[in-house]
Amino acid sequence: MLPQTVQIQTGSRLHFGPLSHHPERGRHFGGVGMMIQSPGVHLVAKKSEETLCSGSDTVLRLLDQLFSDHPKWNQPVSISLREEIPTHQGLGSGTQLGMAVTEAVALLNGEIDLPAPQLASCSRRGQRSAVGLHGYLEGGFLVDAGHQPESAIGQIACRCDFPEDWVVLLVTPNAVQGRHGEDEKQSFAKLSPMSQTRTGELSRLTLTEILPSLRDADFQAFATAIRMYGELVGEFFAPIQGGIFSHAGMNGFVDRLNQVNVNAIAQSSWGPTVAIFASSQEEADQLSELVLRDEFGQKCILRKTQPMNTGRKLMID
Numbered sequence: 051m052l053p054q055t056v057q058i059q060t061g062s063r064l065h066f067g068p069l070s071h072h073p074e075r076g077r078h079f080g081g082v083g084m085m086i087q088s089p090g091v092h093l094v095a096k097k098s099e100e101t102l103c104s105g106s107d108t109v110l111r112l113l114d115q116l117f118s119d120h121p122k123w124n125q126p127v128s129i130s131l132r133e134e135i136p137t138h139q140g141l142g143s144g145t146q147l148g149m150a151v152t153e154a155v156a157l158l159n160g161e162i163d164l165p166a167p168q169l170a171s172c173s174r175r176g177q178r179s180a181v182g183l184h185g186y187l188e189g190g191f192l193v194d195a196g197h198q199p200e201s202a203i204g205q206i207a208c209r210c211d212f213p214e215d216w217v218v219l220l221v222t223p224n225a226v227q228g229r230h231g232e233d234e235k236q237s238f239a240k241l242s243p244m245s246q247t248r249t250g251e252l253s254r255l256t257l258t259e260i261l262p263s264l265r266d267a268d269f270q271a272f273a274t275a276i277r278m279y280g281e282l283v284g285e286f287f288a289p290i291q292g293g294i295f296s297h298a299g300m301n302g303f304v305d306r307l308n309q310v311n312v313n314a315i316a317q318s319s320w321g322p323t324v325a326i327f328a329s330s331q332e333e334a335d336q337l338s339e340l341v342l343r344d345e346f347g348q349k350c351i352l353r354k355t356q357p358m359n360t361g362r363k364l365m366i367d
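Per the working numbering, the sequence shown starts with residue 51, numbered consecutively.
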């Protein structure tokens, strides 16, 4: 029998920047990122007499698109969004919502175990990063090898667990959105190719510093490496976003944290959210106090979350 109800819970995606951009040789984009437990998407999809999703035009557009692309799935469905990821804050909201809605509709129609590339294709995601696509099903810290010329979706080169006792603080300036939509496309079009030297250093950091530090749970080594990775990426995007960070106030804020030896910091995607890593809950509480005492930090939304080393939670009735 086909399921009558599908419930899905996802986390958010952090992306610390691409490994390449229109290189002379090799793959395009790629990058490193991870899944975190919150904020997340929590939806309940049920078979219904009419298709509806109260309060979300985005979901209704997704459903129209899915039904148009897959006529055999065109059966009325009701979707209730119990939790959403804030949009355009560098947290991968569009991908997580799109994958969850697509999988829920597919499951209600008897399609099970769809792989990440197929879910991404159905939801029209993955034009640049594949971290959130594979992270949706696998969780953890992921290295995206980038796009081959004939492939629309990047391939994951490596995935590993992120130390469970490390904490992630998300600092997001109020009432600010990262680049998205046509603005994002135009921004990428204005960028020059990334130099092989920069790609090489980002790849070296990933292979010889970031991944080993995660496997050894060596927080100080990770802190140094993720900061360097973020700075190299930020320098590349600086001509478009105005600095290493997309929000002008974030540069001084991070400098002040660096002065008190808080270094495990990197922007996610186009921002404006910046992730600050802590080695324990106690350290995370101390960092939270630092953020809330800072004049710029007081103008930001502060969230505390944990790594997510499993894929989305799925419940079927």
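From the three backbone atoms N, C-alpha and C, an ideal C-beta is built for every residue, glycine too.
Hey, S173 and L112 are a contact pair by Cβ (cut 8 Å); roughly how many whole angstroms apart? Taking the first residue of the sequence shown as 1, we reach residue 173 at position 123. Taking the first residue of the sequence shown as 1, we reach residue 112 at position 62. At roughly 7 Å, the Cβ-Cβ gap stays under 8 Å, so S173 and L112 are in contact.
Tell me which residue opens and which closes the alpha helix (DSSP H) that C172 is part of. As a first step, residue 172 is located in the sequence shown; it is residue number 122 there, counting from the start. Unbroken alpha helix (DSSP H) run through C172: A166 to S173.
By Cβ distance, which residues of its chain are closer than 8 Å to E281, with the 5 residues on each side in sequence left out? As a first step, residue 281 is located in the sequence shown; it is residue number 231 there, counting from the start. Once the five neighbours on either side are set aside, the close Cβ partners of E281 are I294.
Backbone secondary structure at H78 - three-state DSSP: By 1-based counting over the sequence shown, the position of residue 78 is 28. Reduced to three states, the DSSP call for H78 is strand.
Beta-carbon within less than 7 Å of I203's beta-carbon, same chain only, minus the 5 sequence neighbours each way: which residues are those? Counting from 1 along the sequence shown, the entry for residue 203 is found at position 153. Once the five neighbours on either side are set aside, the close Cβ partners of I203 are P167, A170, G176, A180 and L183.
Between E285, G302, D215 and H297, which has its C-alpha nearest L264's C-alpha? Here the question's residue 264 lines up with position 214 in the sequence shown. Of E285, G302, D215 and H297, the residue nearest in Cα terms is D215.
Rounded C-beta distance between P68 and G80? I'm assuming under 8 Å. Position 18 of the sequence shown holds residue 68. Position 30 of the sequence shown holds residue 80. The pair is a contact, with the Cβ atoms about 6 Å apart (cut-off 8 Å).
Should L131 and S98 be called a contact, given that it needs their Cβ atoms to be closer than 8 Å? If you number the sequence shown from 1, residue 131 lands on position 81. If you number the sequence shown from 1, residue 98 lands on position 48. Not a contact, by the Cβ cut-off of 8 Å.
Leaving out five residues before and five after V310 in sequence, what residues of the same chain have Cβ atoms less than 8 Å from its Cβ? Mapped onto the sequence shown, residue 310 falls at position 260. Around V310: L340.
Please go through the same chain and pick out, in chain order, the residues whose beta-carbon is closer than 7 Å to the beta-carbon of R306, but skip the five residues on each side of it. Locating residue 306 in the sequence shown gives position 256, counting from the first residue. Only D344 meet the Cβ criterion.
Taking all protein chains shown into account, decide if I162 is buried (16 or more other Cβ within 10 angstroms of its Cβ) or exposed. To locate residue 162, count along the sequence shown from 1; it is residue 112. Classification for I162: exposed.
Taking 8 Å as the cut-off, decide whether the C-beta atoms of P82 and T101 are in contact. Within the sequence shown, numbered from 1, the residue matching residue 82 stands at position 32. Within the sequence shown, numbered from 1, the residue matching residue 101 stands at position 51. Per the sequence shown, residue 82 should be read as Val rather than Pro. No, the Cβ-Cβ distance between V82 and T101 is not below 8 Å.
For M85 versus G160, is the C-beta spacing smaller than 8 Å? The sequence position of residue 85 within the sequence shown is 35, counting from 1. The sequence position of residue 160 within the sequence shown is 110, counting from 1. It is not a contact, given that the beta carbons lie outside the stated cut-off.
Which class does Q198 belong to by DSSP, given the choice of helix, strand or coil? Working through the sequence shown from its first residue, we reach residue 198 at position 148. Three-state result, Q198: coil.
Quick one: is M51 buried, meaning 16 or more other Cβ sit within 10 Å of its Cβ, or exposed? For the purposes of this step, residue 51 is identified with residue 1 of the sequence shown, where counting begins at 1. Flag for M51 reads exposed.
Measuring straight from C-alpha to C-alpha, what distance separates E416 and M358? Nothing about residue 416 can be reported from this structure: the residues present for the chain run from 51 to 367 only.
Roughly how many angstroms lie between the CA atoms of Q291 and Q54, to the nearest whole one? Here residue 291 refers to the residue found at position 241 when the sequence shown is read from its first residue. Here residue 54 refers to the residue found at position 4 when the sequence shown is read from its first residue. About 46 Å.
Nearest to G148 by CA position, among G196, S62 and R75, is which residue? Against the sequence shown, residue 148 aligns to sequence position 98. For the residues G196, S62 and R75, the minimum Cα distance to G148 belongs to S62.
Tell me whether the beta-carbon of H71 lies closer than 8 Å to the beta-carbon of S318. Locating residue 71 in the sequence shown gives position 21, counting from the first residue. Locating residue 318 in the sequence shown gives position 268, counting from the first residue. Contact flag unset, no.
Using the three-state DSSP reduction, which class does E100 fall into: helix, strand or coil? Residue numbering aside, residue 100 sits at position 50 when the sequence shown is read from its first letter. Coil.
Which residue's Cα is closest to the Cα of V283: E259, M365, H297 and T249? As a first step, residue 283 must be located in the sequence shown, where it is residue number 233. For the residues E259, M365, H297 and T249, the minimum Cα distance to V283 belongs to T249.
Using DSSP's beta-bridge definition, name the partner residues of E133. Here residue 133 refers to the residue found at position 83 of the sequence shown. According to DSSP, which records beta bridges pairwise, E133 is partnered with H92.
Excluding five sequence neighbours on each side, which residues of the same chain lie with their C-beta closer than 7 Å to the C-beta of Q348? In the sequence shown, counting from the first residue as 1, residue 348 sits at position 298. Result list for Q348: L342, in chain order.
Could you say which of A334, L157 and T222 lies nearest to W320 if we only look at CA atoms? For the purposes of this step, residue 320 is taken as the residue at position 270 of the sequence shown. The candidate whose alpha carbon is nearest that of W320 is T222.
Leaving out the 5 sequence neighbours to the left and right, which residues in its chain are closer than 7 Å to E153 when beta-carbon positions are compared? For the purposes of this step, residue 153 is identified with residue 103 of the sequence shown, where counting begins at 1. Excluding positions up to five away in sequence, the list reads I58, L164 and L169.
Report yes if the C-beta distance between R277 and A316 is below 8 Å; otherwise report no. Here residue 277 is taken as the residue at index 227 of the sequence shown, counted from 1. Here residue 316 is taken as the residue at index 266 of the sequence shown, counted from 1. Yes.
Which class does H65 belong to by DSSP, given the choice of helix, strand or coil? Stepping through the sequence shown from its first residue, residue 65 is reached at position 15. Looking at H65 - three-state DSSP - the assignment turns out to be strand.
Grab me the residues of N224's own chain with a C-beta within less than 8 Å of its C-beta, minus the 5 sequence neighbours each way, in chain order. If you number the sequence shown from 1, residue 224 lands on position 174. For N224, where only same-chain residues beyond five positions count, the Cβ hits under 8 Å are K349, C350 and I351.
Please name the residue or residues paired with P223 in a DSSP beta bridge. By one-based count along the sequence shown, residue 223 stands at place 173. The partner list for P223 (beta bridge, DSSP) reads C350.
Compute the Euclidean distance between the alpha carbons of A207 and A195, then round it to the nearest angstrom. Within the sequence shown, the letter at position 157 stands for residue 207. Within the sequence shown, the letter at position 145 stands for residue 195. Their Cα atoms are separated by approximately 5 Å.
Quick check: what's the CA-CA separation for G299 versus V324? Counting from one through the sequence shown, the residue named residue 299 turns up at place 249. Counting from one through the sequence shown, the residue named residue 324 turns up at place 274. Rounded to whole angstroms, G299 to V324 spans 12 Å at the Cα level.
Where the beta strand (DSSP E) through I206 begins and ends: For this step, residue 206 is matched to residue 156 along the sequence shown. I206 -> beta strand (DSSP E) spans Q205 to C210.
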